[in-house]
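Here is the structure we will look at, set down as structure tokens.
Protein chains in written order, with UniProt numbering: chain Y, 1 to 519; chain A, 1 to 500.
In structure tokens:
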């Protein structure tokens, strides 16, 4: 018997016991109709070859292990960032169960979101009644200040009209006439979660700035000294937004974070469940129209939102998820330029500390090759940081990256001698990346939790930076933006490099002459 | 935190009824009427729990339920390890369910085994407008080229497929013929079908019947010699290895497990199942359909069992042995005796730490009833339970075999209801899913995920019970729950002047 009451064995030890091993071997031999192990090995080796890579890259229809999700996920991300706002996703209910689970697995926090629970009859007759009942129920049960509506692909395919449905629901008394119900159509078959972020953010701003679906006059912009800040879809939103606020406060900048979900995804355990916490107030969202400028931290998350804001007379500035020294420099200098505020000495000192850390450690990173995948802007930010560390971002892949992104990445490669042998892969997936890691190997891989399969298959150590991170805890609490954020990223990368060297030098009497105590 | 033990059963029932009435007050009238039918206080002796079930969720209330796709791809089909399951439609469904259910398996992933890969047709607007059948043709070709050791393909429909009129059945037939009779299974599990995961299970079961059983050539030689002791495990998804810690017991009592449905299962095992002498069924909800079908068509009896906790395990081993000869019956007794010392040791260690603790559950398939015995083996009491997607036959089984008088029953509970019930009843432990976990932990209530075993497990079988007991103790008695309130925020209790 393997199990033991004094020392209870978990799954990873239990099934290695001899009884279980014998049982599993018998199952395989007798009942599974298993392939010949030699054939499995032959195919496994074949998948590592340039021939396989070629066939793999010739795929036109099949996607395997994509690094992207669908639009409504981004819409939910936006909605929870507004004060006492509940996301309401119009369509099938299973989708909402998925978004909530997905976020909760990443943030280790509750994610509140409701569905209009459309079923077959709604597919035939449309989901108007679901909207009417759904809004009424959500309003009475969860006492929101705002309900932000988006759609699943079901509602999009049958062509439900959110504007008309919300109007009718208000006429039927589901929610008061003046109650804020911004909306965005977020078809899952267009773009990805970052497109959903864009559409939903634009939907909220349009609602407040352009007359709440023609029920009130559009706001008249009276420019003030404040700036708006858009973080984009960001797995580090909790740590990052707090860091940005700290920086703005240090500079004395007047600002509005649009979609501040850093509190609702970081509530305390103190005996009370806070369905809502923090968030951009609705008043702030309205007043944001008066800002002198709007900064987007992620250009490809705000492709529609930013032009919409620019049309309201704002200066708009977009970054690509800046990470590291030069990226943060540019960010701070732009903020200083726009607001006329000085960059305080304390931040200059923080910058110096990051440069100091890089100087201390760059010998271990310089010349190392990295593969990166993730959302387009994050890929740009991380690749730029690696280049300034003297590393080579050899493969950079974004399943939801477009041609414009690829061009921008190429320009970044071209700007540095370390970018000479680097390649960009828009629209590709992690099965493509698997081929790349075999045929054009690199030293390290940067990506989300799903990269662990690539680590296992190709032996490329994974540095977990991205979204989602399911199998490590609390990373989202640490910023990756600002000089402090750059420091966090640097340390994360270094830890993996040193761990890898240690693992590679720890065989007693064989390799451990290099098992150095000082590195 | 437990409710005082001195409370009479009538007091408890009255309190629970008042609580239900209070909770329903939040709803608009129409919704209150609908929800009232799904919540009840159990009366012992009744044949069911007195709640309506398997009805549409109310829009906007924050149901915890999923969809038919989740029931088919996520539950029934996904774990079949040597087949490739295409999430057919937009990218999200496959992405959110990618490797999330912990269906353990042995195999070379990506080469001859495919459970934890995400295959999707990643529908774009043009696929919606022009239809996705052509793309599906090509996808199957590309799978055949790049994953040549797959033993079959299933097409798991997402919402748009049924709405745009794609004919995935026709594509499946054509491609199957093209690839020499390859098993290609179209599954109509679009998320808008039915009211929950449940219809997805049924559709998935029917697809196995129609596209695997009914396509078996009559003259196909058996892959193995049958024995009188051949059984199939039905409705165990091998979460954290559950099916393995179950299989070992069946084999120790002299039975031969010829198939696992579907955790760590293969196409060959599905195909061999009509040769079983008995189907043993763990998750009744998700696989009763195929069990009934095999009974009707092949004359295979089926038997429900429960491998949570030593009491139910022993009862189940004897029940299963009852279908066989004395040799098996005696062997079952030997198995029970063999594990008795382990169970005694586990209970001796953990029961004193858990005795009298109360639990509220809200899960899917079988667990809202099946785990009650395991808690009772540890001296704990389940004071509330409910199902995401049960039918009335589940509530009958619950009422007749599991719950105690006065237990609160909540079907398709809403976020609001569950929160209020827990707030008022103050159980020592809540067992539910990832969406609920952090809500209750914030409230300072210990919690275990009872879908994924909170990344632990197995919980089935004797080996699993040791882990179950350890985990419940770890949850309830973790020092963290004493720290939820800042000391300066603690309201001083009125000082008791009398000496103790």
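All residues carry an ideal CB built from backbone N, CA and C; glycine is no exception.
Report task. Please look up how many angstroms separate the CB atoms of residue 310(A) and residue 343(A), rounded, as I've assumed it's under 8 Å. Result -> Stepping through the second chain from its first residue, residue 310(A) is reached at position 310. Stepping through the second chain from its first residue, residue 343(A) is reached at position 343. Sure, about 4 Å apart at Cβ, within 8 Å.
Query raised in the report: Does any residue of chain Y bring its CB to less than 8 Å from the CB of residue 365(A)?
Result: Taking the second chain and counting its residues from 1, one reaches residue 365(A) at position 365. So no, residue 365(A) is outside the interface.
Query raised in the report: What beta strand (DSSP E) runs, 3 residues minimum, are completely inside the segment 239-279 of chain A?
Result: 256-262
Query raised in the report: Can you find at least 3 beta carbon pairs, one from the segment 38-56 of chain Y and one from the segment 429-444 of chain Y, that sit closer than 8 Å?
Result: yes
Requested in this report: Compute the Euclidean distance between the alpha carbons of residue 524(Y) and residue 149(Y), then round it to the nearest angstrom.
Outcome: Residue 524(Y) is absent from the structure shown; chain Y starts at 1 and stops at 519.
Query raised in the report: Counting only beta-carbon atoms, is residue 358(A) nearer than 8 Å to chain Y?
Result: Here residue 358(A) is taken as the residue at index 358 of the second chain, counted from 1. No, its Cβ sits nowhere closer than 8 Å to a Cβ of chain Y.
**Report entry** Beta-carbon contacts of residue 329(Y) that lie in its chain and below 8 Å, excluding the five residues immediately before and after
**Finding:** Reading the first chain from its first residue, position 329 is the one you call residue 329(Y). Once the five neighbours on either side are set aside, the close Cβ partners of residue 329(Y) are 351.
Query raised in the report: With distances taken from CA atoms, which of 215(Y), 293(Y) and 214(Y) is nearest residue 221(Y)?
Result: Residue numbering aside, residue 221(Y) sits at position 221 when the first chain is read from its first letter. Of the candidates 215(Y), 293(Y) and 214(Y), the one whose C-alpha sits nearest the C-alpha of residue 221(Y) is 293(Y).
Query raised in the report: Going by the CB atoms, is the gap between residue 203(A) and residue 188(A) shorter than 8 Å?
Result: Against the second chain, residue 188(A) aligns to sequence position 188. Against the second chain, residue 203(A) aligns to sequence position 203. Yes.
Query raised in the report: Of all the options 488(A), 415(A), 430(A) and 248(A), which has the alpha carbon lying nearest to the alpha carbon of residue 22(Y)?
Result: By one-based count along the first chain, residue 22(Y) stands at place 22. Among 488(A), 415(A), 430(A) and 248(A), the Cα nearest to that of residue 22(Y) is on 248(A).
Query raised in the report: Does the distance from the CB of residue 69(Y) to the CB of residue 240(A) come in under 8 Å?
Result: Sequence index remark: in the first chain, residue 69(Y) carries index 69 (1-based). Sequence index remark: in the second chain, residue 240(A) carries index 240 (1-based). Cβ atoms of residue 69(Y) and residue 240(A): not closer than 8 Å.
**Report entry** Beta carbon proximity, residue 171(A) to chain Y, threshold 8 Å
**Finding:** In the second chain, the residue the question calls residue 171(A) occupies position 171. Chain Y contact via Cβ: absent.
Query raised in the report: Taking one C-beta from the segment 54-63 of chain A and one from the segment 121-131 of chain A each time, how about it: are there three or more such pairs within less than 8 Å?
Result: no
**Report entry** N-terminal and C-terminal residue of the beta strand (DSSP E) that residue 470(Y) is part of
**Finding:** In the first chain, counting from the first residue as 1, residue 470(Y) sits at position 470. No beta strand (DSSP E) holds residue 470(Y); DSSP gives it neither H nor E.
Requested in this report: Evaluate the contact criterion for the segment 295-302 of chain Y versus the segment 166-186 of chain Y: three or more CB pairs, one atom per stretch, below 8 Å.
Outcome: no
Report task. Could you name the residues of chain A that residue 157(Y) contacts, counting a contact when the two beta carbons are closer than 8 Å? Result -> What you label residue 157(Y) is simply residue 157 of the first chain in a count that begins at 1. 128, 159, 160, 163 and 164, listed in chain order.
Requested in this report: Determine whether the Cβ of residue 43(Y) lies closer than 8 Å to any Cβ atom of chain A.
Outcome: Translated into positions along the first chain, residue 43(Y) becomes position 43. With 8 Å as the cut-off, residue 43(Y) counts as an interface residue toward chain A.
Query raised in the report: Taking the alpha carbon of residue 158(Y) as the point to measure from, which residue in 157(A), 156(A), 25(A) and 163(A) has its own alpha carbon closest?
Result: Working through the first chain from its first residue, we reach residue 158(Y) at position 158. Ranking 157(A), 156(A), 25(A) and 163(A) by Cα distance to residue 158(Y) puts 163(A) first.
Query raised in the report: If we ignore side chains and look at the alpha-carbon of each, how far apart do residue 473(Y) and residue 218(Y) end up?
Result: For the purposes of this step, residue 473(Y) is taken as residue 473 along the first chain, with counting starting at 1. For the purposes of this step, residue 218(Y) is taken as residue 218 along the first chain, with counting starting at 1. Rounded to whole angstroms, residue 473(Y) to residue 218(Y) spans 44 Å at the Cα level.
Report task. Ignoring anything shorter than 3 residues or poking outside the segment 168-226 of chain A, list the beta strand (DSSP E) runs there in chain order. Result -> 184-187
Query raised in the report: Using the beta-carbon count (16 or more within 10 Å), is residue 510(Y) buried or exposed?
Result: Residue 510(Y) sits at position 510 when you count from the first residue of the first chain. So residue 510(Y) ends up on the exposed side.
Query raised in the report: What residue ranges within the segment 394-422 of chain A form continuous beta strand (DSSP E) runs of no fewer than 3 residues, ordered along the chain?
Result: 408-410
Query - residue 273(Y) in three-state terms, based on DSSP - result: For the purposes of this step, residue 273(Y) is identified with residue 273 of the first chain, where counting begins at 1. In this structure, residue 273(Y) counts as coil in the three-state DSSP scheme.
Query raised in the report: Which one or two residues does DSSP pair with residue 381(A) in a beta bridge?
Result: In the second chain, residue 381(A) corresponds to position 381, counting from 1. Residue 381(A) pairs with 358(A).
**Report entry** Integer Cβ distance of residue 433(A) from residue 451(A), believed to fall under 8 Å
**Finding:** Taking the first residue of the second chain as 1, we reach residue 433(A) at position 433. Taking the first residue of the second chain as 1, we reach residue 451(A) at position 451. Confirmed, about 5 Å.
Report task. Could you work out which residues of chain Y lie near residue 70(A), taking near to mean beta carbons separated by less than 9 Å? Result -> In the second chain, counting from the first residue as 1, residue 70(A) sits at position 70. Correct list: 94, 97 and 98.
Requested in this report: With DSSP as the reference, please indicate the residues paired to residue 230(A) in a beta bridge.
Outcome: Reading the second chain from its first residue, position 230 is the one you call residue 230(A). Beta-bridge pairing links residue 230(A) to 256(A).
Requested in this report: Can you grab the Cα-Cα spacing for the pair residue 265(Y) / residue 111(Y), in whole Å?
Outcome: Translated into the one-based positions of the first chain, residue 265(Y) becomes position 265. Translated into the one-based positions of the first chain, residue 111(Y) becomes position 111. Distance between the alpha carbons of residue 265(Y) and residue 111(Y) is about 8 Å.
Query raised in the report: Should residue 260(Y) and residue 277(Y) be called a contact, given that it needs their Cβ atoms to be closer than 8 Å?
Result: Position 260 of the first chain, counting from 1, holds the residue named residue 260(Y). Position 277 of the first chain, counting from 1, holds the residue named residue 277(Y). No, the Cβ-Cβ distance between residue 260(Y) and residue 277(Y) is not below 8 Å.
Report task. Report, in whole angstroms, the separation of the C-beta atoms of residue 428(Y) and residue 394(Y), which I expect to be a contact under 8 Å. Result -> Sequence index remark: in the first chain, residue 428(Y) carries index 428 (1-based). Sequence index remark: in the first chain, residue 394(Y) carries index 394 (1-based). At roughly 14 Å, the Cβ-Cβ gap does not stay under 8 Å, so residue 428(Y) and residue 394(Y) are not in contact.
Requested in this report: Output yes if chain A places a C-beta closer than 8 Å to the C-beta of residue 47(Y); else output no.
Outcome: Taking the first chain and counting its residues from 1, one reaches residue 47(Y) at position 47. Closer than 8 Å: yes.
Query raised in the report: Taking 8 Å as the CB-CB cut-off, is residue 95(A) touching chain Y?
Result: Along the second chain, read from residue 1 onward, the residue named residue 95(A) stands at position 95. Yes - at least one Cβ of chain Y is within 8 Å of the one on residue 95(A).
Query raised in the report: Between the segment 443-461 of chain Y and the segment 369-389 of chain Y, do three or more beta carbon pairs fall short of 8 Å?
Result: yes
Requested in this report: Mind listing, in chain order, the continuous beta strand (DSSP E) runs of no fewer than 3 residues lying wholly within the segment 331-408 of chain Y?
Outcome: 369-373 and 392-398
Query raised in the report: What is the residue span of the beta strand (DSSP E) that residue 146(Y) lies within?
Result: Taking the first residue of the first chain as 1, we reach residue 146(Y) at position 146. Looking at the DSSP string, the run of the beta strand (DSSP E) that includes residue 146(Y) is 146-151.
**Report entry** Residue-chain proximity (residue 499(A), chain Y), Cβ-Cβ < 8 Å
**Finding:** Indexing the second chain from 1 puts residue 499(A) at position 499. Residue placement at residue 499(A) is flagged as unreliable, the pLDDT there being 47, under the threshold of 50; the coordinate-derived value follows with that caveat. Judged by the 8 Å Cβ criterion, residue 499(A) is not in contact with chain Y.
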